[in-house]
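Novice: In my numbering, the protein residues as written are 1379 to 2385. Next up is a structure, given as structure tokens.
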């Protein structure tokens, strides 16, 4: 017989590679490590377990680092030998290898196949499929021959004691003893099969070989005697008894047992040694009917029900689905996955009942306990299934592989349905997959995509209509219809999750006197929502906590922290920030696969965004310690890293904006940054990124302020100002600065207080709240002076100059601007100097001092060009346009305004560009070019309306009214002018409209 040699061999000395071309595995430790992984092939082996094997007496401090080195070395040596690979797992390593490429796995499979082949005949006869033995001898012989051939091949794989060339380890003992026992059992079984076939000489040879290894096994001596007697060698049989007795008496001091003496006596008497086996039992094999009861109020899921039932119905299949389940084809496998409480089991059971008539030969239900503290062992589950299929305890094979083989044999060709509920992973499911003719439905909270050809049915929450229908079925449809608004709020608090909706309905059904508004108010409190969603043994909290327990360590930490980061979808880098890692894609994948984190589209960078749904977020917050989960150094550090990430990205994006206000960021570099790829992917025009992230950034400032991280709060708030300014998001500007100001005040962070006061003053200036703006600029100036921050003080002085300018106090304004200019000149801050020169020129324009205005604006324009600040150049050009307009030089006025508009549009500053459009439109109205004027004024109006600049809108509407009046369209002019007056009244009344302080670029812009 030719013996096949797998690529990896442990049944004897450790060998890798084909015979004659063995791979050299250098170093005893590397060989021991490889042997340990091979003994537990296709199963994760803990790193600590491997370290204990490698260093049994004194484990070095660098053991895990050394282990990684040995693994790396093995990977290089093994390459792609036998299609195997060593995979890293959270707890250790897994040696993945096809069963046919490792002798120990091949040995176990061959033994299992032999036993299944032998048992298949027995069960066929029990079902009445087989004729009596006398009439079916060739078939029976064929089955015996098949089993014997498999056992012969299995035993031929053994080349000696396993791993005979390596020092032993106590941690190998259990596995090696199991293999030795299985080898002995296989050899005994082969001898028995050979005797059945009349191959007595071969049986005798095999038994003598076993007795050399196990000389005191009386059952082996008995079998040897029977084989000799059956082969006509009675004298040798009696001599074997004498040898056995002599060995037992001499070595152990005992006489042979009763059974061995009985065999001896029968041979002496000349009776047939091997009595015929009793006829098999004619009891019918039971047909299991184990499906749980169908859900009577099952609601919705029409698409999923249709997909799943079509796949399970004999002769039907969904488009692009798995192969039809035919008696001689592979089984139909469907995996129903979804978050905790989404109704996976209810759907699977409902569909199984709908198709159960297509599976008359059995419906098996197994609870895999995937979310329990310890998932069920596949071997125990197979024992449960085999008992349901009629296998008695005595007939249960000892190993999982053998049980799986018998299970497949018993179900082969049968029209049976298997429901595997709450699976942990694919490894738990694989041994439970039956053979041909069957169908399998798997439910799991994880997306199990590793099963070839499996149909994937992903469940999400119910639609609002389905959730309302389910609530009505449980609590009463009339009751729900009568308080539909309260019902909708309850369902939103339940996330439309079936389990939560069922619990809410059960609570209402138990309180028929409650208005729905009572439960609505209770569920509105997120901090106690999970406590309210409990009814009897049903609870949402436990459902989520079970998923949490199954997460790897880093994923569990990240889940809790993400629950504290608000309600907005988050980019993937946030997970890395929480854990202090540059990349954490593996953790994000683990949370998504566990259906705890939901993919919520992509962001402006084309990166995926993730969302914790409401109830998952409530669970995560609880597990993290409640709303105060950031307390403690670990929590504070995690939040600080997230905020550092936002500040880094916002700061990098801010630098790409066409203009920024005076930079007042905290000193020092962030301690954590997103990976370089994320930062580099920011677009050249960062406004879409800011637009997409606006709510998350505002939420991050609030989180920082609430957690007492004052520096992070005001640093991020300050970084957002240029964006808020361009988009006129003054409400967010004000709210972030107020929150950060309070945090800075509580922390005694005077620099933060000054920066936030100045930012709030700027908003007040934009919204014509001059008294408020002046008071805050004065306070910020005093703090900057106290801190010795000359640049910050100068920036506040500029603000005071602007306040006085727009209140008509031009002399005071010029005094402030000159003081600021002296500071900027001393600091050699040429950008600040350019700003002040522009500001003084504007005041001179108001005073109609065109000569001095030209000098100041000319100096500002020259500086802007020298320092390469095109935005400042455009702002100054607009002022030059106004200067030439006042000087009655319309052509030059148009040229400067057009030049400014070109720059603003090139920089993407739509807001300042709208003011330039408005100025150009006004000039064209004066020239009688109403057509072009109307077009430009209309464009500026649309931009002001889009950005929420009510002051700019009022000015544009006013000019359009004047245009229509000059054209004789009195009715239209009256409407526009009335609307302009109404807008100005709203602004004077503090209606909250956003405004730039004049028809030009903002008065306080940075260099």
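Here a beta-carbon is modelled for each residue, glycine too, at the ideal position from N, C-alpha and C. Bear in mind the structure is a predicted one, so any value in this text is a computation, not a measurement.
(1) Do the region 1800–1807 and the region 1669–1688 make contact, defined as three or more Cβ pairs closer than 8 Å?
(2) Sort out for me which residues DSSP pairs residue 1949 with in a bridge.
(3) Could you tell me which of 1999, 1983, 1994 sits nearest to residue 2027, measuring between CA atoms?
(4) By a C-beta neighbour count over all protein chains shown, 10 Å radius and 16 as the cutoff for buried, is residue 1513 buried or exposed?
(5) May I ask which residues mark the beginning and end of the alpha helix (DSSP H) holding residue 2419?
(6) Are three or more beta carbon pairs between the region 2065–2081 and the region 1934–1952 nearer than 8 Å?
(7) So, at 6 Å on beta carbons, what are the nonlocal neighbours of residue 2215 in its own chain, with the 5 sequence-adjacent residues on each side left out?
(8) Applying the 10 Å Cβ sphere with the 16-neighbour rule, what's the burial state of residue 1592?
(9) Go ahead and pull the three-state DSSP assignment for residue 1822.
(10) Distance, Cα to Cα, residue 2069 vs residue 2016?
(11) Once you ignore the five residues that flank residue 2286 on each side, which residues in its own chain have a CB closer than 8 Å to its CB?
(12) Using the Cα positions of residue 1938 and residue 1995, report the straight-line distance between them to the nearest angstrom.
(13) Hey, could you find the ends of the alpha helix (DSSP H) residue 1465 is sitting in?
(14) Express the C-alpha separation of residue 1815 and residue 1708 in angstroms, rounding to a whole number.
(15) Taking the Cβ atom as the reference point for each residue, do residue 1560 and residue 1584 lie within a distance shorter than 8 Å?
(16) Buried or exposed: residue 1396, going by 16 or more other Cβ atoms within 10 Å of its Cβ?
(17) By a C-beta neighbour count over all protein chains shown, 10 Å radius and 16 as the cutoff for buried, is residue 1555 buried or exposed?
(18) Rounded to a whole number of angstroms, what is the C-alpha to C-alpha distance between residue 1616 and residue 1603?
(19) Looking at the secondary structure, which residues open and close the alpha helix (DSSP H) in which residue 1737 lies?
(20) Using the DSSP secondary-structure output, state which residues sit across from residue 1797 in a beta bridge.
(21) List the endpoints of the continuous beta strand (DSSP E) containing residue 1834.
(22) Looking only at its chain, what residues have a beta carbon closer than 8 Å to the beta carbon of residue 1552, apart from the 5 residues adjacent to it on each side?
(23) May I ask you to report which of helix, strand or coil DSSP gives residue 1508?
(24) Using the beta-carbon count (16 or more within 10 Å), is residue 2115 buried or exposed?
(25) Following the continuous alpha helix (DSSP H) through residue 1406, name the residue where it begins and the one where it ends.
(26) Using the Cα positions of residue 2176 and residue 2327, report the straight-line distance between them to the nearest angstrom.
(27) Measuring only the C-alpha atoms, how far is residue 1632 from residue 1626?
(28) For the alpha helix (DSSP H) that contains residue 2235, what are its first and last residues?
(29) Residue range of the beta strand (DSSP E) that residue 2412 falls in?
(30) Helix, strand or coil: which one does DSSP assign to residue 1783?
(31) Exposed or buried, residue 2310, counting other C-beta atoms within 10 Å across all chains shown (16 or more means buried)?
(32) For the structure I just gave you, are there three or more beta carbon pairs, one from the region 2169–2184 and one from the region 2192–2199, closer than 8 Å?
(33) Distance, Cα to Cα, residue 1565 vs residue 1529?
(34) For residue 1458, count neighbouring Cβ atoms within 10 angstroms of its own Cβ and tell me buried if that reaches 16, exposed if not.
(35) Which same chain residues, not among the five before or five after residue 1912, have their C-beta less than 8 Å away from its C-beta?
(36) Along the chain, where does the alpha helix (DSSP H) containing residue 1869 start, and where does it finish?
Specialist: According to the data block:
(1) no
(2) 1987
(3) 1983
(4) Confidence in residue 1513 is poor, its pLDDT being 36 and thus under 50, which makes the residue's placement too unreliable to answer from.
(5) Outside the modelled stretch of the chain, which goes from 1379 to 2385, sits residue 2419, for which no answer is possible.
(6) yes
(7) 2234, 2237, 2238
(8) exposed
(9) strand
(10) 25 Å
(11) 2036, 2063, 2065
(12) 8 Å
(13) Where residue 1465 is concerned, there is no enclosing alpha helix (DSSP H), although the beta strand (DSSP E) it sits in stretches over 1463–1466.
(14) 7 Å
(15) no
(16) exposed
(17) exposed
(18) 7 Å
(19) Element bounds for residue 1737: n/a, residue is neither H nor E.
(20) 1743, 1819
(21) 1833–1836
(22) none
(23) Any reading at residue 1508 must be qualified, since the residue scores a pLDDT of 40, below 50, and its modelled position is unreliable; the value itself is stated next. Reduced to three states, the DSSP call for residue 1508 is coil.
(24) buried
(25) 1406–1417
(26) 23 Å
(27) 6 Å
(28) 2228–2245
(29) Lying before the first or after the last residue shown, residue 2412 is absent from the chain, which here runs from 1379 to 2385.
(30) helix
(31) exposed
(32) yes
(33) 7 Å
(34) exposed
(35) 1881, 1918, 1919
(36) 1862–1871
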